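Chemist: Residues 5 to 538 in my numbering are what the sequence shown spells out, letter by letter.
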Amino acid sequence: MLKKFDKKDEEAGGGSNPFQHLEKSAVLQEARVFNETPINPRKCAHILTKILYLINQGEHLGVMEATESFFAMTKLFQSNDVSLILRHFVSSHSALNMTGKDDNYRGPAVRALCQITDSTMLQAIERYMKQAIVDKVPSVSSSALVSSLHLLKTSFDIVKRWVNEAQEAASSDNIMVQYHALGLLYHVRKNDRLAVNKMLSKFMRHGLKSPFAYCMMIRVASKLLEEEAGSHDSPLFDFIENCLRNKHEMVVYEAASAIVNLPSCTAKELAPAVSVLQLFCSSPKAALRYAAVRTLNKVAMKHPSAVTACNLDLENLVTDSNRSIATLAITTLLKTGSESSIDRLMKQISSFMSEISDEFKVVVVQAISALCQKYPRKHAVLMNFLFTMLREEGGFEYKRAIVDCIISIIEENSESKETGLSHLCEFIEDCEFTVLATRILHLLGQEGPKTNNPSKYIRFIYNRVVLEHEEVRAGAVSALAKFGAQNEDVLPSILVLLKRGHLEPYLTQNIPQAPSPPFLGKLENNIPTNRLTR
5 MLKKFDKKDE
15 EAGGGSNPFQ
25 HLEKSAVLQE
35 ARVFNETPIN
45 PRKCAHILTK
55 ILYLINQGEH
65 LGVMEATESF
75 FAMTKLFQSN
85 DVSLILRHFV
95 SSHSALNMTG
105 KDDNYRGPAV
115 RALCQITDST
125 MLQAIERYMK
135 QAIVDKVPSV
145 SSSALVSSLH
155 LLKTSFDIVK
165 RWVNEAQEAA
175 SSDNIMVQYH
185 ALGLLYHVRK
195 NDRLAVNKML
205 SKFMRHGLKS
215 PFAYCMMIRV
225 ASKLLEEEAG
235 SHDSPLFDFI
245 ENCLRNKHEM
255 VVYEAASAIV
265 NLPSCTAKEL
275 APAVSVLQLF
285 CSSPKAALRY
295 AAVRTLNKVA
305 MKHPSAVTAC
315 NLDLENLVTD
325 SNRSIATLAI
335 TTLLKTGSES
345 SIDRLMKQIS
355 SFMSEISDEF
365 KVVVVQAISA
375 LCQKYPRKHA
385 VLMNFLFTML
395 REEGGFEYKR
405 AIVDCIISII
415 EENSESKETG
425 LSHLCEFIED
435 CEFTVLATRI
445 LHLLGQEGPK
455 TNNPSKYIRF
465 IYNRVVLEHE
475 EVRAGAVSAL
485 AKFGAQNEDV
495 LPSILVLLKR
505 GHLEPYLTQN
515 IPQAPSPPFL
525 GKLENNIPTN
535 RLTR
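In structure tokens form, the structure reads like this:
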């Protein structure tokens, strides 16, 4: 901050300075004009100039003085006078900083000025912006390029005139300037496919120094390839494949990720990308190991055979200290491994399931679901593992994923029906999620009457009638009704249960008096007394 000039120094400089005798207290007193209604733009602008002058002369404002002045100035934004808000309060001060000698202020000044400049004022600073884009100071150039990118939304026609300056900035030695320049050039031309292709061709020939710029080019190239219906004979695909040999790890990973996400990629075309990801699996950097195994996990969903070559590296990651990496490694192995390895993998997963988040637990459940479809003979092992997971603590999404998985196994494998229904019956005894409880009750009403011993499920359903709230009770009554409607042997028992549950409105008026069912005494003895008062 500048020191306050002595009065003699000011007089010695010659000329007349209208602000040389300003007193801080007097100016702050005048600033009360900001609170008047209506606002006098001319008078307020003059007072703002006085305040800026005092600050530039090194005058210190106390905490209370600065706070009161600031909130008084905010009232001026209610004025419709653009010159008051922009030109006097911000524009003049920011423009001075933009063209000043202190590089520390020039970049922030560009950003601040562009933040509050509208399309009508932009032409006034266009010359400054062009100069800032090609400025030799990287921070100033980057600030101007990023600000230009934001201005595209409101003043596209003006900003697109700065393309020549942006192209000059794209040849900068600074990696961030080059990256921001490429971003501006792309967004100016993104609606012109031919122009984007020409831009990519130019930079592919001359090369880039910025790894960030390379990553952007890879993303743009992959987007164009998707629009071309995945034509892998294109020079764009060759460019992405060449990036797999780049010296920067982020560029290599970006290229590999782009290739595996391209539609209609064959196993042969995936091979180079998978090989790179396999190398990253043994990287000392946890971020690279995580990125690699996560991407391989996605590849295994569509092309499990392409990932089989990485199984040894993935098995080494099962014991990784980072549980997220270990979880993804195991779920990938579940998709690519053999039937004989399932038991061993299940044991490894169970050893750290309690240490990972629900998000990764859902990933494990999804992998098990896919495994059940692939190896139906392993449904018993997988079902027991899912039931163990179901009894543990977890959120709604996690529990829903397990229930969905068990239901899908029941629907696809008739041998697992009774085991799966029994597990779900146990779960609804303490289920705190209404949506899951009603869904399971619906499934029990649909599949339970078709089993060899339907009466064993009735106790669990009746507990829901007695102990739960309205929505779950309604689902339980509906399920009981299905048992009675589809099985004449249990119909008398169902009618008695509904009567004893005070559910006469659900019954018809002509109900035959049925004897007490043989399992009713056992049923009532199994109802916890502490839950009857719920």
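Backbone N, C-alpha and C fix where the C-beta goes; we use that ideal spot for every residue, glycine too.
What you are looking at is a predicted structure, and each value in this text was computed from that prediction instead of being measured.
For Leu-58, which residues of its own chain have a beta-carbon under 7 Å away from its beta-carbon, when the five flanking residues on both sides are left out?
Modeler: Closer than 7 Å at the Cβ level, and outside the excluded window around Leu-58, lie Leu-26, Lys-28 and Val-31.
Chemist: In its own chain, which residues sit with a C-beta less than 8 Å from the C-beta of Met-387, not counting the 5 before and 5 after it?
Modeler: Ile-410, Ile-413, Ser-420, Thr-423, Gly-424 and His-427, listed in sequence order.
Chemist: I'd like the span of the alpha helix (DSSP H) that includes Gln-490, first residue to last.
Modeler: Its alpha helix (DSSP H) spans residues 474 to 490.
Chemist: At 4 residues or longer, what runs of the alpha helix (DSSP H) sit wholly inside the region 304 to 360?
Modeler: For the region 304 to 360, whole alpha helix (DSSP H) runs of length 4 or above, ordered along the chain, are 308 to 311, 315 to 321, 327 to 340 and 346 to 354.
Chemist: Please report how far the alpha carbon of Arg-477 lies from the alpha carbon of Ile-498, in whole angstroms.
Modeler: Taking the straight line from one Cα to the other gives about 15 Å.
Chemist: With a Cβ-Cβ cutoff of 7 Å, do Gly-452 and Tyr-461 count as a contact?
Modeler: It is a contact, given that the beta carbons lie within the stated cut-off.
Chemist: Just to confirm, are Ile-360 and Thr-336 a CB contact at a threshold of 7 Å?
Modeler: Cβ distance not < 7 Å, so Ile-360 and Thr-336 don't count as in contact.
Chemist: Could you spell out the range, first to last residue, of the alpha helix (DSSP H) harbouring Val-366?
Modeler: Looking at the DSSP string, the run of the alpha helix (DSSP H) that includes Val-366 is 362 to 378.
Chemist: Could you check what DSSP says for Ile-43 in three-state terms: helix, strand or coil?
Modeler: In this structure, Ile-43 counts as coil in the three-state DSSP scheme.
Chemist: Decide if Ser-214 is buried, meaning its Cβ has at least 16 other Cβ atoms within 10 Å, or exposed.
Modeler: Counting Cβ neighbours within 10 Å, Ser-214 comes out buried, since at least 16 surround it.
Chemist: Going by C-alpha to C-alpha distance, which of Leu-501, His-473 and Glu-474 sits closest to Leu-484?
Modeler: The shortest C-alpha separation from Leu-484 is found at Leu-501.
Chemist: Quick check on this structure: which residue in Arg-115, Arg-110, Asp-161 and Ala-174 has the alpha carbon closest to the alpha carbon of Gln-127?
Modeler: With distances taken between Cα atoms, Gln-127 lies closest to Asp-161.
Chemist: Looking only at its chain, what residues have a beta carbon closer than 7 Å to the beta carbon of Phe-23, apart from the 5 residues adjacent to it on each side?
Modeler: Excluding sequence neighbours, Phe-23 sits near Lys-54 and Tyr-57.
Chemist: Classify Ser-98: buried if its beta carbon has 16 or more other beta carbons within 10 angstroms, exposed otherwise.
Modeler: In this prediction, Ser-98 scores a pLDDT of 48, lower than 50, which makes its location untrustworthy; no coordinate-derived value is stated.
Chemist: Throw me the rounded Cβ distance for the Ile-329 and Arg-293 pair, which I believe falls under 8 Å.
Modeler: About 5 Å; that satisfies the 8 Å criterion.
Chemist: So Leu-248 is in the alpha helix (DSSP H); what residue range does that whole segment cover?
Modeler: Segment: none, Leu-248 is in no alpha helix (DSSP H) and carries neither H nor E.
Chemist: From the beta carbon of Glu-172, is the nearest beta carbon of chain C less than 7 Å away?
Modeler: In the structure shown, chain C does not exist; there is a single protein chain.
Chemist: Please state the DSSP three-state secondary structure of Asn-21.
Modeler: DSSP places Asn-21 in coil when its eight states are reduced to three.
Chemist: Is Asp-408 helix, strand or coil by DSSP?
Modeler: Reduced to three states, the DSSP call for Asp-408 is helix.
Chemist: To the nearest angstrom, report how far apart Leu-266 and Leu-212 are at their CA atoms.
Modeler: Cα to Cα, the separation comes out at about 24 Å.
Chemist: Using a 10 Å radius around the Cβ and a threshold of 16 neighbouring Cβ atoms, would you call Gly-488 buried or exposed?
Modeler: Flag for Gly-488 reads buried.
Chemist: Quick check: what's the CA-CA separation for Cys-285 versus Asn-315?
Modeler: Their Cα atoms are separated by approximately 11 Å.
Chemist: Using CA atoms only, rank isn't needed, just tell me which of Glu-172, Ser-354 and Glu-401 is closest to Val-366.
Modeler: The candidate whose alpha carbon is nearest that of Val-366 is Glu-401.
Chemist: Considering Ile-435, what are the terminal residues of the alpha helix (DSSP H) in which it resides?
Modeler: First, the amino acid is wrong: residue 435 is Cys here, not Ile. No alpha helix (DSSP H) holds Cys-435; DSSP gives it neither H nor E.
Chemist: Would you mind sorting Gln-517 into buried or exposed? The rule is 16 or more other CB atoms within 10 Å of its CB.
Modeler: Only weak support exists for where Gln-517 lies, its pLDDT of 41 falling under 50; the value from the coordinates is given anyway. Gln-517 comes out exposed.
Chemist: Output yes or no for whether 7 Å exceeds the beta carbon distance between Phe-38 and Ala-76.
Modeler: Contact: yes.
Chemist: List the whole-angstrom C-beta distance separating Pro-142 from Val-181, where the pair is believed to meet the contact cut-off of C-beta under 8 Å.
Modeler: That pair is a contact at about 5 Å.
Chemist: Using beta-carbon positions only, say whether Thr-323 and Ser-261 come within less than 7 Å of one another.
Modeler: No; because the gap between Cβ atoms is not below 7 Å, this pair is not in contact.
Chemist: Can you have a look at Val-280 and say buried or exposed, based on whether 16 or more other CB atoms are within 10 angstroms of its CB?
Modeler: Result: buried.
Chemist: At 4 residues or longer, and completely inside the region 224 to 303: list those alpha helix (DSSP H) runs for me, N to C.
Modeler: For the region 224 to 303, whole alpha helix (DSSP H) runs of length 4 or above, ordered along the chain, are 239 to 246, 253 to 265 and 271 to 284.
Chemist: Who are the near neighbours of Ser-95 in its chain, counting only those whose CB is closer than 6 Å to its CB and skipping five residues on each side?
Modeler: For Ser-95, the predicted model reports a pLDDT of 43, less than 50, meaning its position is unreliable and no value from the coordinates is stated.
Chemist: With distances taken from CA atoms, which of Asn-301, Gly-66 and Arg-223 is nearest Leu-318?
Modeler: It is Asn-301 whose Cα lies nearest to the Cα of Leu-318.
Chemist: Just to confirm the assignment, what range does the alpha helix (DSSP H) spanning Leu-198 have?
Modeler: 197 to 210 is the extent of the alpha helix (DSSP H) around Leu-198.
Chemist: For a test of the three-state rule: what should DSSP assign to Leu-26, helix, strand or coil?
Modeler: Coil.
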